[in-house]
């Protein structure tokens, strides 16, 4: 099977002796919406930097749609679009020039580049700003400009490193919709994000990287099934100052005055509603607390850190 | 990439460079025009009239080829060093690094961009000089080849400087402390025949001397050195610097982690 991205034994050693990647293996299927998660300094950006040729690797292999970056770099790059974490366009150039110039680097003639630039600038709501110098754009617009630039040559694999960092909620949602549409049309997407809600909402498969190692590589569904406890947020008919005593359930009142109840896997919701009924609490609406992935993520990273420190003690 | 795609990528880099230096023309095109006009007025007209002839020509005619070459050298170098370093500084160089453009196309694109500015300045200064003196061309192919190759050579120099630079200070050190002294001592304002024999010998290790004299031979038909030796020296330096620049690009010196 040809993957959109295959990474085998990827190692990155810096000249100061720091090992950023310690032999990473990763496969991303064609058409996938994939999240690469990890705490700061875990190796996410280094991994994506190597895939996009911005970082030299020390060892291992990387293939993009079957093209090895050591032997077929040009073919690998044609299939790749990259949206980096930091703004990396010329602040003095106009929006349209930035996008058409990028197309030119891929060998797309100017006439055709203008058509493609118009398509993506319109889709991302930047067409009206096409003649504006990029430094005059807002932070959200700059992020969208980088997405338009990455897509102008119609790559099959789009890599986004923290694409919604510092973007307001409304814009973040519209960017999610755009990325989902791109994915539906066949573009494979790899995303790193600090907003685990984002990964939970968008991605089908997830890898968690910590201290230069992949500590988990699985589907989102499988990952979420590991949750032993799920938290539900209940809006009740009257304000609660203190959490009610519900037999078998742990309750808290959140900042908005809503009731949060932890339900252990297998416990079932019927028992919860019986307890609420017994306490005279009427539920007006109910939702799942959207940080399930975050809970798992924190747990896995903590477990990994604990394993490493134990190993270090044994070695010492 | 196909040959057609490579050509498009090359033209894109050159066009971007031309757009850059024409957008900021008060910083790029105007200053050398003003400086060279002052040279023509002060050294050519005011002081030159008291110096008399040099190499069989009046002083103004003698210094014009050197001044044109000086403008070409500094502009070619400055264009590439400032453009490439600011791309590194703003990280917009990553736009090129993620694309399939091969290193040699990146290099030739930037060199062509530097040449476009250097030759534009050369043309502007030549036109300005016509207001002060009559300029006849002794050997047109020699003029064209020398000015093109010199512009290419110093564009390459600017590229290497930009690759090595880590801060803005680093891109002004070479032009200020190396390029300008070598240009002034490269026979722009005098014939090396006027120097004591030791300094004549010392001048021969200055590469800019060959370029200035090659160009002067093309215009006036006089030169302190054999013009074909001049061309040979320029070609050798171009090959050497191009090899160094390509090696640095392949290693990602200063642009890849």
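Protein chains in written order, with the UniProt record's numbering: chain P, 1 to 316; chain S, 1 to 257. Ideal Cβ positions, reconstructed from N, Cα and C, are used throughout, including at glycine.
Is residue i helix, strand or coil by DSSP?
{"i": "residue 149 (chain P)", "result": "helix"}
{"i": "residue 1 (chain P)", "result": "coil"}
{"i": "residue 75 (chain S)", "result": "helix"}
{"i": "residue 49 (chain S)", "result": "helix"}
{"i": "residue 93 (chain P)", "result": "coil"}
{"i": "residue 251 (chain P)", "result": "strand"}
{"i": "residue 27 (chain P)", "result": "strand"}
{"i": "residue 243 (chain S)", "result": "helix"}
{"i": "residue 158 (chain P)", "result": "strand"}
{"i": "residue 19 (chain P)", "result": "strand"}
{"i": "residue 174 (chain S)", "result": "helix"}
{"i": "residue 13 (chain P)", "result": "strand"}
{"i": "residue 163 (chain P)", "result": "coil"}
{"i": "residue 219 (chain P)", "result": "strand"}
{"i": "residue 35 (chain P)", "result": "strand"}
{"i": "residue 109 (chain S)", "result": "helix"}
{"i": "residue 230 (chain P)", "result": "strand"}
{"i": "residue 79 (chain P)", "result": "coil"}
{"i": "residue 316 (chain P)", "result": "Because residue 316 (chain P) carries a pLDDT of 48, less than 50, the predicted location of this residue cannot be relied on, and no value is offered for it."}
{"i": "residue 57 (chain S)", "result": "strand"}
{"i": "residue 200 (chain P)", "result": "helix"}
{"i": "residue 213 (chain P)", "result": "strand"}
Nearest CA to the CA of residue i: which residue from the options?
{"i": "residue 23 (chain P)", "options": "P:11, P:16, P:33 and P:30", "result": "P:11"}
{"i": "residue 170 (chain S)", "options": "S:257, S:86 and S:60", "result": "S:86"}
{"i": "residue 116 (chain P)", "options": "P:98, P:46 and P:133", "result": "P:98"}
{"i": "residue 250 (chain P)", "options": "P:241, P:239 and P:264", "result": "P:264"}
{"i": "residue 88 (chain P)", "options": "P:286, P:150 and P:50", "result": "P:150"}
{"i": "residue 259 (chain S)", "options": "S:42, S:37, S:103 and S:27", "result": "Nothing can be reported for residue 259 (chain S), as the shown portion of chain S is limited to 1 through 257."}
{"i": "residue 34 (chain S)", "options": "S:13, S:118, S:124 and S:73", "result": "S:124"}
{"i": "residue 9 (chain P)", "options": "P:60, P:86, P:267 and P:74", "result": "P:60"}
{"i": "residue 189 (chain P)", "options": "P:141, P:204, P:100 and P:95", "result": "P:204"}
{"i": "residue 266 (chain P)", "options": "P:225, P:47 and P:164", "result": "P:225"}
{"i": "residue 41 (chain S)", "options": "S:74, S:61 and S:10", "result": "S:61"}
{"i": "residue 76 (chain S)", "options": "S:240, S:216 and S:159", "result": "S:159"}
{"i": "residue 34 (chain P)", "options": "P:14, P:254 and P:208", "result": "P:208"}
{"i": "residue 39 (chain P)", "options": "P:212, P:240 and P:288", "result": "P:212"}
{"i": "residue 163 (chain P)", "options": "P:198, P:268 and P:152", "result": "P:198"}
Looking only at DSSP bridge pairs, what is residue i linked to?
{"i": "residue 285 (chain P)", "result": "P:235"}
{"i": "residue 6 (chain P)", "result": "P:27 and P:63"}
{"i": "residue 189 (chain P)", "result": "P:33 and P:158"}
{"i": "residue 263 (chain P)", "result": "P:230"}
{"i": "residue 206 (chain P)", "result": "P:35 and P:218"}
{"i": "residue 68 (chain P)", "result": "P:63"}
{"i": "residue 245 (chain P)", "result": "DSSP, once it has assigned bridges, lists no residue as partnering residue 245 (chain P)."}
{"i": "residue 133 (chain P)", "result": "P:94"}
Whose C-beta lies closer than 8 angstroms to the C-beta of residue i among residues of the same chain, with five residues either side of it excluded?
{"i": "residue 137 (chain S)", "result": "143, 218 and 219"}
{"i": "residue 58 (chain S)", "result": "48, 52 and 133"}
{"i": "residue 213 (chain S)", "result": "187, 223, 224, 225, 227 and 230"}
{"i": "residue 247 (chain P)", "result": "275"}
{"i": "residue 315 (chain P)", "result": "Here the model assigns residue 315 (chain P) a pLDDT of 48, short of 50, so the residue's position is not dependable, and the following value carries that caveat. Hits under 8 angstroms: none found."}
{"i": "residue 236 (chain P)", "result": "258, 259, 281, 282, 283 and 284"}
{"i": "residue 189 (chain S)", "result": "43, 63 and 66"}
Less than 6 angstroms between C-beta atoms, sequence neighbours within five positions excluded: which residues of the same chain meet that for residue i?
{"i": "residue 27 (chain P)", "result": "3 and 6"}
Taking C-beta to C-beta, are residue i and residue j nearer than 9 angstroms?
{"i": "residue 113 (chain S)", "j": "residue 71 (chain S)", "result": "no"}
{"i": "residue 31 (chain P)", "j": "residue 186 (chain P)", "result": "yes"}
{"i": "residue 107 (chain P)", "j": "residue 8 (chain S)", "result": "yes"}
{"i": "residue 83 (chain S)", "j": "residue 152 (chain S)", "result": "no"}
{"i": "residue 156 (chain P)", "j": "residue 124 (chain P)", "result": "no"}
{"i": "residue 286 (chain P)", "j": "residue 232 (chain P)", "result": "yes"}
{"i": "residue 271 (chain P)", "j": "residue 234 (chain P)", "result": "no"}
{"i": "residue 126 (chain P)", "j": "residue 148 (chain P)", "result": "yes"}
{"i": "residue 39 (chain S)", "j": "residue 63 (chain S)", "result": "yes"}
{"i": "residue 242 (chain S)", "j": "residue 107 (chain S)", "result": "yes"}
{"i": "residue 210 (chain P)", "j": "residue 103 (chain P)", "result": "no"}
{"i": "residue 264 (chain S)", "j": "residue 68 (chain S)", "result": "Outside the shown range of chain S (1 to 257) lies residue 264 (chain S), about which nothing can therefore be said."}
{"i": "residue 205 (chain S)", "j": "residue 150 (chain S)", "result": "no"}
Just to confirm my understanding: we take residue i, look at its own chain, exclude 5 residues before and 5 after, and list those with CB closer than 7 angstroms. What are they?
{"i": "residue 244 (chain P)", "result": "251, 279 and 281"}
{"i": "residue 77 (chain P)", "result": "53"}
{"i": "residue 166 (chain P)", "result": "139"}
Strictly below 9 angstroms CB to CB, what residues from chain A border residue i?
{"i": "residue 56 (chain P)", "result": "Annotation note: the requested chain A is absent from the structure, which comprises protein chains P and S."}
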